[in-house]
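In the working numbering, the protein residues as written are -9 to 361.
Quick reminder that beta carbons are idealized off the backbone N, C-alpha and C, glycines included.
Structure, as structure tokens:
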Ligand code: GAL
């Protein structure tokens, strides 16, 4: 009896977990099939829940039937999600890939079924099965992070600089790093900054522009995998490996908010670190609180409502049989993908109210309750 109860309980749990990977349907139901399918990387980073919220709002307003599915960090789940959307009859697939190159197979299946594919935020590489790309200006994100460190650096030279990056499976991680390197490298080359945690970056410090392979080598050492646990343990290991001469007043390039908070916590816990300036990205609620409390220095705000609105406008044009409007192209290793690009905004303790609260993106209550 007990055994039965426990089997029954685990079945309920399993069903619950599957639903958690989950889907949410918007629009007027799936009677005529789903028109627009959205696939996002994971529910576990607050960033993607913001995107989900915007999509559901905008697609409902536009009167489209749609479904949002999460891949939960797995390219296999992502592929299953795409297949289930194809079965639901989607005409347009909006996909933010878990892994830039592994997602190729999923979008090739969509293309073969006559679906128009829009890469959302992250470019899918090495395939011709993508029609459009809707993105933020990712090189500008890295430039803004690097420039913030330069503008807020301590006096003197030989300032320790700790570098961290996103997941090597995410094309954006390369673009962010490229932007940051572009502005930081002259200060590294002239000795104002000293790289504290990457022998590969030190070996390349005189090169203004890095090849993809060179960036890969550096990312291989300083990737966080977009995971705050990885970020924290790497930061702790770097602090353990360095003596006090590489501490004091330091600069930290952190790629996004989740990793920034984790790395900031590790640096705060080290008695030899007297101050740090640290970057971020995504304007997550928890990071707005860190910024208010002086624990994180800045974040790069990416207005997900603009990105979602651009995707919905694109989907709408496609469903009408029109060509979607774009303003640039991104090469994905196979083709030049027509792209719509959105600028980004630097947010600090001085302007977060104006940029995030006055604009209605967040309420002050939302920020306070994330404390
Ligand atoms: C990137 C995305 C960032 C950040 C990161 C972590 O691809 O552009 O905004 O959220 O992933 O998931």
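- If you look at residue 285, you'll find it isn't in any beta strand (DSSP E); DSSP assigns it neither H nor E.
- Here residue 329 carries a strand assignment [DSSP, helix/strand/coil].
- Taking the Cα of residue 174 as reference, the smallest distance to any Cα among 210, 134, 157 and 145 is reached at 134.
- Using a Cβ distance threshold of 8 Å, residue 319 and residue 297 do not count as a contacting pair.
- Look at residue 251: its beta carbon is at least 7 Å from all of the heavy atoms in the ligand GAL.
- For residue 123, the enclosing beta strand (DSSP E) begins and ends at 122 to 126.
- Here the segment 138 to 155 lies against the segment 164 to 180, with 3 or more beta-carbon pairs under 8 Å apart.
- The straight-line gap separating the alpha-carbon atoms of residue 99 and residue 129 is approximately 30 Å.
- Of the residues 138, 195 and 252, the one whose Cα lies closest to the Cα of residue 181 is 195.
- When secondary structure is reduced to three states using DSSP, residue 260 falls in the coil class, being assigned neither helix nor strand.
- When 110, 309, 262 and 290 are compared, the shortest CA-CA separation from residue 248 is found for 290.
- Residue 291 is bridged by DSSP to 335.
- The DSSP-derived three-state label of residue 268 is strand.
- With 6 Å as the limit, the residues whose C-beta approaches any heavy atom of the ligand GAL more closely are 35, 37, 111, 112, 156, 160, 162, 216, 246, 271, 272 and 292, in sequence along the chain.
- According to DSSP, residue 239 shares a beta bridge with 265.
- Within the DSSP bridge table, the entry for residue 109 names 85 and 123 as partners.
- The segment 340 to 356 and the segment 118 to 128 do not touch, with fewer than 3 CB-CB distances between them shorter than 8 Å.
- By the C-beta criterion, the segment 206 to 220 is judged to be in contact with the segment 152 to 168, since at least 3 inter-stretch pairs fall below 8 Å.
- For residue 168 and residue 199, the gap between their C-alpha atoms comes out near 8 Å.
- Only buried fits residue 56, as 16 or more other CB atoms lie within 10 angstroms of its CB.
- Listed in chain order, the non-local C-beta contacts of residue 356 below 7 Å within the same chain comprise 275, local neighbours out to five positions each way being set aside.
- Closest in C-alpha terms to residue 339, from the list 273, 230, 108 and 314, comes 273.
- Within a 10 Å sphere around the beta-carbon of residue 225 sit 16 or more other beta-carbons, which makes this residue buried.
- Annotation: the continuous beta strand (DSSP E) that includes residue 149 extends over 149 to 153.
- Annotation: the continuous alpha helix (DSSP H) that includes residue 202 extends over 202 to 212.
- Boundaries of the alpha helix (DSSP H) around residue 65: 65 to 77.
- Rounded to whole angstroms, the gap between the alpha carbons of residue 109 and residue 301 is 9 Å.
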